[in-house]
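Participant:
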């Protein structure tokens with residue numbers, strides 16, 4: 465299962481972006497979720513299950529509004 469599939473499974477995101485560069489660093493998945501619930505635990509478990517070194521930033525929909533233009537312009541929208 466790919467990293468994207470695992471991220472979708474663990475977070476059920478409203479939106480998902482991939483940035484090769486930008487405000488969150490290089491090669492970063494930006495996950496947009498309705499509200500912060502057990503995010504640290506989900507990231508820990510996800511990191512253990514994926515055999516890749518990936519960078520993930522999790523934002524709530526409210527937080528996303530501050531970065532929406534940047535993500536739309538610089539990122540690849542996956543979901």
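Residue numbers (this note's numbering): 465 to 543.
Idealized CB from N, CA, C, for every residue including glycine.
Being a predicted model, the structure only gives us computed values, none of them experimental.
What are the start and end residues of the alpha helix (DSSP H) that includes residue 531?
Facilitator: No alpha helix (DSSP H) contains residue 531, which DSSP labels as neither H nor E.
Participant: For residue 507, which three-state DSSP category applies?
Facilitator: helix
Participant: Report back the beta-carbon spacing between residue 482 and residue 542 to the nearest angstrom; my notes put them in contact at under 8 Å.
Facilitator: 6 Å
Participant: Contact between the segment 510-522 and the segment 471-480 is defined here as three or more beta-carbon pairs at a separation below 8 Å; is this criterion met?
Facilitator: As far as the Cβ criterion goes, the segment 510-522 touches the segment 471-480, which means the pair count is three or higher.
Participant: Out of curiosity, what's the CA-to-CA distance linking residue 490 and residue 478?
Facilitator: 22 Å
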